[in-house]
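Residue numbers (the numbering used here): 1 to 520.
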């Protein structure tokens, strides 16, 4: 059996109490998300995912040639997210616009799970609530209808299984099934292996050799499951294209975190450092005389000797895997904004446990009993139900009406008035135009990036995006007869003044510029 909490002299929060508090947090998040956040389409990639799912359901196969652009040429389309696309298209048929509630549901599930994990790890409810606040502020940025949702849910589920599974055999049964789903929905499946590696390192340093054997076996099966997808070995080629491609240079979420400017990541880094210092002090202060034995034990272990000295010096046992995950995913988050949410999710249990060391954040006497009472549990479930109903049926007038972020009206105008158009579009607008036109208007580029387009096309788009030398000639060189770019973009302003181009339609978000002689 795996311990739910290492020895700290304090009983861990009961499972029913942890679930109750998690449900209350999720209910609050749903209400906040419904009342104060814009619930319209929030990601430019959702469109092409929907279109791909429709195409797969119609053709009963996964296309390998792009049908929607005029620049993909003979590039093989490696669709890493085909199963997610089918799920979206099937959900659209069943739910219509209700499909856009799924990110809210996923966010509520994530918050419930990480709160339960934090409490089961030994964090107090006040410390957990304090730690979860920054996550609640930042999480909505990642709650869009795209496959990254699967990576967030799968990574947290994998952590929960490895940390709190009722036996060391659980990963062998759960993780391969998770890998099968994950590998067919998002390329983030490779993040499973650093998580497994952190727990394997913990097993080694705790001399839990049987546990290490089960983890190794689970890892081997998961590696084999990576090939249980239609792409086979080409999966790694698609991942390599994405990670090393030119599109990283102009996609905002792939840019590094600007520490000090990006408020929530900077706040989380500060809280992580504080809680880590508190936890380390709590762990080491009563056992300062064991530090020499600790070093000796590590030397013995590395030298092949018996690890008795290490075992005797490590009391109380730190959750080494959680610390490794905090560090590993912090390093990953420094490389790209898109990884910040995952870093916060996987490090929250340890951060909350560290904050518990503050006397002011200790649990109030009797709090666990109060949360475990039948009335509290019924109240938690009722709060979740009411919040879900509010999210589903709240009048539109209750919701914050943000300015349109995507050129939905403009895309509809192009489809209605310019059939057969070759559109030199902004990168973020390609997916929406694909969904609306389904190929009747061809796009220059979209969020599939290197998995569908040759590298030279993306390099040329980057030149246009940053207005580098020769950017003005690119629409003509590619034969584009329509330009779809933001209203006030400098590229739009330049082409407005050029002979041979006319602004045929001005929307709320973008301008449609048409080459003279190509109007319909």
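All C-beta atoms, glycine included, are put in the ideal place defined by N, C-alpha and C.
Going straight from the alpha carbon of residue i to that of residue j, what length do you get?
i	j	result
residue 440	residue 431	14 Å
residue 414	residue 512	8 Å
residue 212	residue 164	15 Å
residue 506	residue 407	10 Å
residue 117	residue 130	15 Å
residue 346	residue 478	45 Å
residue 494	residue 459	21 Å
residue 216	residue 225	14 Å
residue 330	residue 340	8 Å
residue 169	residue 175	10 Å
residue 114	residue 141	18 Å
residue 379	residue 47	38 Å
residue 261	residue 62	42 Å
residue 514	residue 474	15 Å
residue 461	residue 433	17 Å
residue 28	residue 17	17 Å
residue 177	residue 410	43 Å
residue 355	residue 332	23 Å
residue 429	residue 358	48 Å
residue 390	residue 95	17 Å
residue 503	residue 194	51 Å
residue 265	residue 257	8 Å
residue 412	residue 438	12 Å
Using C-beta distances below 8 Å, list every residue in its chain close to residue i, excluding the 5 sequence neighbours before and after it, in chain order.
i	result
residue 112	19, 22, 23, 25, 26
residue 49	81, 84, 85, 88, 145, 146, 147, 431
residue 489	426
residue 99	88, 91, 92, 145
residue 189	151, 154, 179, 182, 183, 226
residue 288	For residue 288, the predicted structure reports a pLDDT of 47, less than 50, and the residue's modelled location is therefore unreliable. A value from the coordinates is still provided. Once the five neighbours on either side are set aside, residue 288 has no close Cβ partner at all.
residue 597	Residue 597 falls outside the range modelled here, since the chain spans only 1 to 520, and no answer is possible.
Here's a check: name, in chain order, each residue in its chain whose Cβ is nearer than 6 Å to the Cβ of residue i, leaving out the five neighbours to either side.
i	result
residue 486	510
residue 3	Reliability of the predicted coordinates at residue 3 is poor, the pLDDT of 36 falling under 50, and the value obtained from them is presented with this limitation in mind. Cβ neighbours of residue 3 beyond the five flanking positions: none.
residue 57	89
residue 45	146, 431, 447
residue 457	71
residue 338	253
residue 492	485, 511
Any idea which residues DSSP pairs residue i with across the strands?
i	result
residue 485	511
residue 458	In the DSSP output, where bridge partners are listed per residue, residue 458 has none listed.
residue 424	483
residue 141	Residue 141 pairs with nothing; no bridge assigned.
residue 351	Paired residues: none, contrary to the question.
residue 65	76
residue 527	In the structure as shown, the chain begins at 1 and stops at 520. Residue 527 is therefore absent and cannot be evaluated.
Give me, in chain order, the residues of the same chain whose beta-carbon lies closer than 7 Å to that of residue i; leave out the 5 immediate sequence neighbours on both sides.
i	result
residue 480	422, 423, 424, 444
residue 454	73, 75
residue 199	162, 215, 321
residue 304	Residue placement at residue 304 cannot be trusted, given a pLDDT of 41 that sits under 50; the coordinates are not used to answer.
residue 275	351, 354, 355
Over what stretch of residues does the beta strand (DSSP E) that includes residue i continue unbroken?
i	result
residue 229	That residue, residue 229, is in no beta strand (DSSP E); it is neither H nor E in DSSP.
residue 61	Run containing residue 61: none; DSSP gives neither H nor E here.
residue 417	Residue 417 -> not in any beta strand (DSSP E); alpha helix (DSSP H) instead, spanning 408–417.
residue 504	501–506
What are the boundary residues of the alpha helix (DSSP H) that includes residue i?
i	result
residue 334	320–335
residue 249	Taken as a continuous stretch (DSSP letters only), residue 249 belongs to no alpha helix (DSSP H), as it is neither H nor E.
residue 155	148–164
residue 173	170–183
residue 82	82–95
residue 450	Where residue 450 is concerned, there is no enclosing alpha helix (DSSP H), given that its DSSP letter is neither H nor E.
residue 202	192–205
residue 436	430–437
residue 495	490–496
residue 112	102–121
residue 474	474–478
So residue i and residue j are in contact, right, with Cβ under 8 Å, and what is the actual spacing, rounded?
i	j	result
residue 254	residue 388	Rounded, the Cβ-Cβ distance is 33 Å, inconsistent with contact.
residue 182	residue 192	7 Å
residue 109	residue 153	7 Å
residue 107	residue 143	5 Å
residue 244	residue 187	Residue 244 to residue 187, Cβ: 13 Å. No contact.
residue 259	residue 344	The pair is not a contact, with the Cβ atoms about 15 Å apart (cut-off 8 Å).
residue 134	residue 271	7 Å
residue 68	residue 442	7 Å
residue 149	residue 103	6 Å
residue 435	residue 247	Wrong, their Cβ atoms sit about 20 Å apart, outside the cutoff.
residue 132	residue 348	7 Å
residue 128	residue 119	6 Å
Between residue i and chain B, is the shortest Cβ-Cβ distance under 7 Å, so that the two count as touching?
i	result
residue 340	Here there is only one protein chain, and chain B is not present.
Is it the case that the CB of residue i approaches a heavy atom of the ligand FAD more closely than 6 Å?
i	result
residue 114	Judged by which ligands are present, the structure shown has none, so any question about the ligand FAD falls away.
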